[in-house]
């Protein structure tokens, strides 16, 4: 029975590590994406807005939440990027 528990603990640790790695990769991607948005609206140094865009991806699974936030930011700041531009950029990163 100890072997089973050891294997289960090892599996859980591996899964936890995979989830952490995925989260870090996605967070890095979102940071690059947010900077892309800020560059378009001429606010490259706006760390508060950068953070808002990055954190918006935690609202729901998938990319719709971060795309919605990006479109909102672009609309409020006369950005030139379209939804298609955003989807393309996310797929490239």
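In this note's numbering, the protein residues as written are -6 to 86.
Cβ coordinates follow ideal geometry from the N, Cα and C atoms, glycine included.
Taking 8 Å as the cut-off, does the region 34 to 42 touch the region -6 to 3 (at least 3 CB pairs, one atom from each stretch)? With a cut-off of 8 Å, the region 34 to 42 and the region -6 to 3 do not count as touching, because too few Cβ pairs lie within range.
With 16 other CB atoms within 10 Å as the buried threshold, where does residue 68 fall? Residue 68 is exposed by the Cβ-count criterion.
What's the C-alpha gap between residue 59 and residue 7? 28 Å
Hey, out of 52, 85, 78, 12, whose CA is closest to residue 64's CA? 78
Which of the three DSSP states, helix, strand or coil, is assigned to residue 56? DSSP places residue 56 outside both helix and strand once states are collapsed to three, so it counts as coil.
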